[in-house]
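Q: Residue numbers (our numbering): 274 to 450.
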Ligand SMILES: [Zn+2]
């Protein structure tokens with residue numbers, strides 16, 4: 274069972290509460306794979322306004338975070354709607370969470386990314402740069418191989434489906450020089 278939790282800062286935002294409900298429904302109905310944890314019955318998805326974990330982070334198999342900081346401006350820039358943005362972050366972080374689930378020797382801090390590669394997992398230059406990676410909307414081959422080797426194929430397939438869908442339905446191609 275996965276519970277969506279909202280931080281105190283975000284709970285003041287009525288738009289975010291309805292989005293959190295949609296995200297909970299998405300988690301309950303649309304995943305096509307189980308989000309269970311080896312250690313606990315519940316998995317918590319926190320929606321926070323925290324720049325440190327932006328745009329998303331798998332802290333442990335039981336605790337994943339999506340940050341809403343700068344999310345509005347990223348959506349404005351990329352043409353994604355807010356729920357689409359949250360679902361993209363969710364699909365990305367669920368791959369990393371599965372990697373932590375199946376490989377207890379790996380910690381959240383180990384999931385770093387080389388800086389010079391366009392990839393949705395590259396967050397080396399901070400949250401504002403994430404918009405540029407969304408524009409390209411690609412996973413680098415290094416990440417595909419890495420998460421495949423860690424046993425995250427179902428989650429990767431779900432992510433790739435989202436990426437393909439968004440590539441077709443956003444106008445980011447026209448904005449890319
Ligand atoms: Zn990558």
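All C-beta atoms, glycine included, are put in the ideal place defined by N, C-alpha and C.
Could you tell me if the beta carbon of residue 401 falls within a distance shorter than 7 Å of some heavy atom in ligand 1?
A: No, Cβ of residue 401 sits at least 7 Å from all heavy atoms of ligand 1.
Q: With residue 330 as the anchor, note down where its beta strand (DSSP E) starts and where it stops.
A: 329-333
Q: Counting C-beta neighbours from all protein chains within 10 Å, is the total for residue 306 16 or more, i.e. buried, or is it exposed?
A: exposed
Q: For residue 387, does the count of other Cβ atoms within 10 angstroms reach 16, so buried, or fall short, so exposed?
A: exposed
Q: With 16 other CB atoms within 10 Å as the buried threshold, where does residue 382 fall?
A: exposed
Q: Just mark residue 421 as buried or exposed, buried being the case when its beta carbon has 16 or more other beta carbons within 10 Å.
A: exposed
Q: Which residues in the same chain as residue 326 place their Cβ atom closer than 6 Å to its Cβ, once the five residues preceding and following it in sequence are excluded?
A: 338, 340
Q: Which residue marks the beginning of the beta strand (DSSP E) containing residue 336, and which one marks its end?
A: 336-340
Q: Please report how far the alpha carbon of residue 450 lies from the alpha carbon of residue 411, in whole angstroms.
A: Confidence at residue 450 is low in this model, with a pLDDT of 44, below 50, so the placement of that residue is unreliable and no value is reported for it.
Q: Apart from the five residues just before and just after residue 359, which ones in its own chain have a Cβ nearer than 7 Å to its Cβ?
A: 292, 296, 339
Q: Return the Cβ separation of residue 404 and residue 350 in integer angstroms, given the expectation that the two are a contact with Cβ distance under 8 Å.
A: Correct: roughly 5 Å between the Cβ atoms.
Q: Cβ of residue 413 within 7 Å of any heavy atom in ligand 1?
A: yes
Q: On the DSSP bridge assignment, give the partners of residue 276 in chain order.
A: Answer is 317.
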